[in-house]
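Trainee: Pasting in a structure now, in structure tokens, and then I'll have a few things to ask.
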Amino acid sequence: MFHYFIPNIITALVDVNFSIYYAMSEKVAIVWFRNDLRILDNPALFHAYNNYDKVILLYIYDDQLGGSWKMGGASKWWLYYALFHLNKTLEHKSCRLILRKGDSLEQLKQILSSTKAQEIFFNGMYEPYNIKLEQEIEILCDSLEVTATRFQGNLLLEPWEAKTTTGKNFSVFTPYWNACKKLINTKDPLPEPKFKPYYPEVADCNLDDLNLLPAINWADGLKATWEPSEKKALELLGEFIDNQLSGYSELRSRPDMVGTSSLSPYLHFGQISVRYLYNSLRFLSYQKPALSTQVEKYLSEIGWREFSHHLLFFYPNLPEQNFRENFDKFQWDNDTELLRAWQRGMTGYPIVDAGMRQLRSIGWMHNRVRMIVASFLTKNLLISWQEGAKWFWDNLVDADLANNSASWQWVAGSGADAAPYFRIFNPVTQGEKFDPKGEYVRRWVPELKSLQNNVIHQPWKNFLPNKFNNSINYPQPIVKLDTSRARALAIYKQIKR
1 MFHYFIPNII
11 TALVDVNFSI
21 YYAMSEKVAI
31 VWFRNDLRIL
41 DNPALFHAYN
51 NYDKVILLYI
61 YDDQLGGSWK
71 MGGASKWWLY
81 YALFHLNKTL
91 EHKSCRLILR
101 KGDSLEQLKQ
111 ILSSTKAQEI
121 FFNGMYEPYN
131 IKLEQEIEIL
141 CDSLEVTATR
151 FQGNLLLEPW
161 EAKTTTGKNF
171 SVFTPYWNAC
181 KKLINTKDPL
191 PEPKFKPYYP
201 EVADCNLDDL
211 NLLPAINWAD
221 GLKATWEPSE
231 KKALELLGEF
241 IDNQLSGYSE
251 LRSRPDMVGT
261 SSLSPYLHFG
271 QISVRYLYNS
281 LRFLSYQKPA
291 LSTQVEKYLS
301 EIGWREFSHH
311 LLFFYPNLPE
321 QNFRENFDKF
331 QWDNDTELLR
341 AWQRGMTGYP
351 IVDAGMRQLR
361 SIGWMHNRVR
371 MIVASFLTKN
381 LLISWQEGAK
391 WFWDNLVDAD
401 LANNSASWQW
411 VAGSGADAAP
421 YFRIFNPVTQ
431 GEKFDPKGEY
441 VRRWVPELKS
451 LQNNVIHQPW
461 KNFLPNKFNN
471 SINYPQPIVK
481 LDTSRARALA
491 IYKQIKR
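Mapping of the sequence shown onto full-length UniProt numbering: residues 1 to 497, in sequence order.
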């Protein structure tokens, strides 16, 4: 269990660099939850209870927010149970979560008007549509003479804080992260607030009324794999520190082993704060210097998350448009049959198919395999990264607009600090290197479980061509690696000129 973090976290005095608020015992505040579904180190929640006796805890499900990037099916499943667990926690504090459904701005206007709340507290978000919404809410609050108080609660730094020496934004990760490490505030995470029982008479809806769960149940694998709660997030962090951190650099690329923290969906939905995670590991490296290399490696992955949000803030079209304009000339094939085979995990390349089936089953995929399947789609199949990003968006429980967009463009070669165009992952050699005994493939592609380790990543070698499909009910490769690689390189070279 996790036992390394600063022992005085719950009682630590917090030096707050905000305007001084005065307790208003007869007045009402609203905490507007979004992707911050936690009670520990939640700035909006903490400061609301620190300054008001009556606090309305509100979540609005706006099913149209984001337009073409509105929440996907796997994320909605996660949100359902995240709200369920958060409300259970609040009930133990003699509070309750008010749920509303509809246009965020209209719902907030109704609640602010009906409750006569004096202040609304919320933690900022960074997607283009959320930035626009926050601006509209500030205008609304001004018109109603309500104070809108925004906090930084979802990133280590605001996306605009890190600048180059010439005052510009970054497009390369390493100098960005080096600059960030000099700016990150390492003050203790905020403790749980002192909750004050309050049951406001506010119209709300039931969790089931939000229609977050699929009408046709495809989510059994998700339910068997995940517990979307703050408590579980903290447990996973402790387990990672105790069991995986010491070998993180070596094991993080092994999908056949438990070598990562699996915290990405909890971070996305804010069930653990990135500051709590960062400070916990940073403090651990001071306690145990032998782990400092592993800690730095893990925290650099947190750095990529920050970098993705930095890019999205300055390039709001990142989810749809190439970061590098020369890629606008790229001639994608976008073959629908090949795309469907990739989506279904029926490409004939076991490591690719294992990853795609894992995604459909549990809403998550190992990061090494994400790179393999993305490279295969964009370079071997010549299908646009936008198609892959859309599929991931609907099927990942950790679907994050900044991470998803930046990562797909990185693999495709069109993004900031992207992988070189000639870096094309070979799914056979990648499988043999990172799943050497075929355990990952056997779990997710059970029709191959009887094959020997030396052929499981290229099963066609074990059979005559006319016997292959009838023997194991698994498809032949949908493209040849050598010819598809050569074709991709030829096209990439043309646009690099």
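Backbone N, C-alpha and C fix where the C-beta goes; we use that ideal spot for every residue, glycine too.
Keep in mind it's a predicted model, so treat the numbers as computed, not measured.
Less than 8 Å between the CB atoms is what I'm expecting for I98 and D204, so what's the real figure, rounded?
Mentor: 5 Å
Trainee: Kindly list the residues whose CB is nearer than 7 Å to the CB of N473, restricted to its own chain and excluding five residues on each side of it in sequence; keep chain order.
Mentor: E447
Trainee: Using only the alpha-carbon positions, how far apart do W408 and N51 sit?
Mentor: 43 Å
Trainee: For the putative contact between L382 and D328, defined by C-beta atoms under 8 Å, what is the C-beta separation to the nearest angstrom?
Mentor: About 15 Å separates the two Cβ atoms, so there is no contact after all.
Trainee: DSSP three-state call for N178: helix, strand or coil?
Mentor: DSSP, read as helix, strand or coil, puts N178 in helix.
Trainee: For the beta strand (DSSP E) that contains E320, what are its first and last residues?
Mentor: Per DSSP, E320 belongs to no beta strand (DSSP E) and is neither H nor E.
Trainee: Measuring CB to CB, does K76 end up less than 9 Å from P200?
Mentor: no
Trainee: Distance, Cα to Cα, G73 vs N395?
Mentor: 6 Å
Trainee: Can you tell me whether DSSP reads Y21 as helix, strand or coil?
Mentor: Note that Y21 has pLDDT 42, beneath the 50 cutoff, so the model's placement of it is unreliable and the number below is only indicative. Coil at Y21, not helix or strand.
Trainee: Quick one: using the 10 Å Cβ neighbour count with 16 as the cut-off for buried, is V258 buried or exposed?
Mentor: exposed
Trainee: How is N8 classed by DSSP in three states: helix, strand or coil?
Mentor: Because the pLDDT of N8 is 37, which lies under 50, any placement of that residue in the model is unreliable, and the number read from its coordinates should be weighed accordingly. Residue state, collapsed to three classes: coil.
Trainee: What's the gap between the Cα of M24 and the Cα of S113?
Mentor: Residue placement at M24 is flagged as unreliable, the pLDDT there being 42, under the threshold of 50; a coordinate-derived value is accordingly withheld.
Trainee: Going along the chain, which residues of its own chain have a beta-carbon closer than 6 Å to the beta-carbon of K187, five neighbours each way excluded?
Mentor: Take K187, set aside five residues on each side of it, and no residue of its chain has a beta-carbon closer than 6 Å to its own.
Trainee: Give me the Cα-Cα distance between Y492 and D482, rounded to the nearest whole angstrom.
Mentor: 15 Å
Trainee: If you follow the alpha helix (DSSP H) that A486 is in, where does it begin and where does it stop?
Mentor: L481 to K496
Trainee: Are the CB atoms of V295 and L155 within a distance shorter than 9 Å?
Mentor: no
Trainee: Does DSSP classify F46 as helix, strand or coil?
Mentor: helix
Trainee: By how many angstroms is the C-alpha of V202 removed from the C-alpha of G124?
Mentor: 24 Å
Trainee: Is the CB-CB distance between N453 and K437 below 9 Å?
Mentor: yes
Trainee: Quick one: grab the DSSP three-state call for E227.
Mentor: coil
Trainee: State the CB to CB distance for the pair A389 and N404, rounded to an integer number of angstroms; the pair is presumed to be in contact (CB under 8 Å).
Mentor: 5 Å
Trainee: Consult DSSP for R340 and reduce its assignment to one of helix, strand or coil.
Mentor: Correct three-state label for R340: helix.
Trainee: Which residues in the same chain have their Cβ closer than 6 Å to the Cβ of N85, if we skip the five residues on either side of it in sequence?
Mentor: In the sequence on display, residue 85 carries His and not Asn. For H85, the CB contacts under 6 Å within the same chain, skipping 5 residues up- and downstream, are S229 in chain order.
Trainee: Within 10 angstroms of the Cβ of M1, are there 16 or more other Cβ atoms? Answer buried if so, exposed if not.
Mentor: Because M1 carries a pLDDT of 31, less than 50, the predicted location of this residue cannot be relied on, and the following value inherits that uncertainty. Exposed, since its Cβ has fewer than 16 Cβ neighbours within 10 Å.
Trainee: Taking 9 Å as the cut-off, decide whether the C-beta atoms of residue 511 and T147 are in contact.
Mentor: Since the first residue of the chain shown is 1 and the last is 497, residue 511 is not available in this structure.
Trainee: Between A490 and the rest of its own chain, which residues show a CB-CB distance below 7 Å, the 5 nearest in sequence each way excluded?
Mentor: none
Trainee: Can you give, in chain order, each stretch of the alpha helix (DSSP H) that sits fully within the region 339 to 398 and has at least 4 residues?
Mentor: The DSSP assignment places complete alpha helix (DSSP H) segments of no fewer than 4 residues inside the region 339 to 398 at 350 to 362, 367 to 375 and 385 to 395, in order along the chain.
Trainee: CA-CA distance, Y349 and I131?
Mentor: Going by C-alpha positions, Y349 is about 41 Å away from I131.
Trainee: By DSSP, does V16 sit in helix, in strand, or in coil?
Mentor: Annotation note: pLDDT 39 at V16 (below 50); position unreliable, coordinate value reported separately. Coil at V16, not helix or strand.
Trainee: With three or more C-beta pairs closer than 8 Å as the rule, is the region 288 to 302 touching the region 160 to 172?
Mentor: Cβ pair count under 8 Å is below three, so no.
Trainee: Can you pull the DSSP bridge partners for R150?
Mentor: F122
Trainee: May I have the straight-line CA-CA distance separating A29 from H366, to the nearest angstrom?
Mentor: 41 Å
Trainee: Rounded C-beta distance between V428 and D353? I'm assuming under 8 Å.
Mentor: Contact doesn't hold; Cβ gap of about 13 Å is too wide.
Trainee: Would you check if there are 3 or more beta carbon pairs closer than 8 Å linking the region 57 to 68 to the region 26 to 42?
Mentor: Of all C-beta pairs linking the region 57 to 68 to the region 26 to 42, three or more are shorter than 8 Å, placing the two stretches in contact.
Trainee: Report the three-state DSSP secondary structure of I56 (helix, strand or coil).
Mentor: Residue state, collapsed to three classes: strand.
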